[in-house]
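Residue numbers (the numbering used here): 1184 to 1497.
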């Protein structure tokens, strides 16, 4: 089956606008039942891609927790193609926390989970999905559980889920692997990066996954969608080229600075050596002069010209 590649922002947005698909993907990521999701407007985002290559969606999600209770949480989902853009994530979080719409009635911020879907690897971390869950510790490093969870504490910290798309290599061992397999870039069509070649037999009798594939198939058949994917790829290729050139330039500058620093160190060492040699020669000349030797005798004895001997003798 040929489906549109959801790593493209336009396809990802089209897919996640479907409430059923959003619930399916978020339930798998959070490992809880997501009962309902609502896309929340984020007027502080940059949808024009003028300078950013990060795609963002905010969800208000009603979940059923492990105790069976319903609760409302915020899910901030960010996706990027480029490694150079990940530093912008923190900037976005700061704006998110300052939004009064994300506060509870008691003034505390709604619990939030940040989901990062990355089109690149994070260092040497091999796990395709990483859960970063913060703990509360006492002075001795013991985990504090009494009185938690607490709305004040929860409003200060957030848990994160990091997905490394390049680490998805076709292994399906659990529900999350199944859901994320639609992002697996090893399935890209050999002639067209915009298309994934999917073995749909893997998803038989899974109504939610079949629904996702159906929507991605519709996206692949949409001419306007394919055109926007082309534009997006050209845009990000230009950004990547720019960032690569900047990285190369900065690396060259750093190398030049290191070379200059090394040269300065060598010059400083040479000056120190010359100063030490001059000190030894001065002492030697003084001793020879005290012994009654002439300047000519000293010049011959130490192998230095008369001007050098005269300078050192002063």
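We put the CB at the ideal spot given by N, CA and C, even for glycine.
Exposure label - residue 1364; buried when at least 16 CB within 10 Å: buried
Contact belief for residue 1240 with residue 1296 at Cβ below 8 Å, rounded distance in angstroms: Between residue 1296 and residue 1240 the Cβ distance is about 13 Å, and since that is not below 8 Å, they are no contact.
Environment of residue 1431 [buried if 16+ CB atoms lie within 10 Å]: exposed
Residue closest to residue 1415, alpha-carbon to alpha-carbon, out of 1371, 1451, 1377, 1447: 1377
DSSP-derived helix/strand/coil call for residue 1314: strand
For residue 1305, the nearest candidate out of 1325, 1346, 1457 (CA to CA): 1346
Residue closest to residue 1336, alpha-carbon to alpha-carbon, out of 1294, 1437, 1313: If we check each option's Cα against that of residue 1336, 1294 comes out closest.
Selection from 1495, 1442, 1387 that minimises the alpha carbon distance to residue 1457: 1495
Backbone CA spacing between residue 1452 and residue 1441 [nearest angstrom]: Roughly 16 Å between the two C-alpha positions.
Buried or exposed by the 16-neighbour rule on C-beta atoms within 10 Å, applied to residue 1322: exposed
Given residue 1368 as reference, the closest of 1330, 1250, 1351 once Cα atoms are compared: 1351
Enclosing beta strand (DSSP E) for residue 1263 [first to last residue]: Residue 1263: member of the beta strand (DSSP E) spanning 1253-1263, first to last residue.
C-alpha distance - residue 1326 paired with residue 1317, whole-angstrom precision: 11 Å
Whole-angstrom C-beta distance between residue 1259 and residue 1243, which should lie under 8 Å: Incorrect: roughly 11 Å between the Cβ atoms, too far for contact.
Other residues of its chain near residue 1493: CB distance less than 8 Å, five sequence neighbours each side excluded: 1478
Spatial neighbours of residue 1397 in its chain, beta-carbon cut-off 6 Å, leaving aside the 5 residues before and after: Cβ contact annotation for residue 1397 (same chain, cutoff 6 Å, sequence separation greater than five): none.
CB of residue 1190 within 8 Å of CB of residue 1216, strictly: Cβ distance not < 8 Å, so residue 1190 and residue 1216 don't count as in contact.
For residue 1380 and residue 1372, believed in contact at Cβ under 8 Å, the rounded distance: 5 Å
Per-residue DSSP class, three states only, for residue 1490: helix
Candidates 1311, 1307, 1333: closest to residue 1319 by CA position: Comparing Cα-Cα distances from residue 1319 to each of 1311, 1307, 1333, the minimum goes to 1333.
Beta carbon proximity, residue 1358 to chain C, threshold 8 Å: The structure shown contains no chain C; it holds only a single protein chain.
Beta-carbon proximity of residue 1482 to residue 1473, cut-off 8 Å: no
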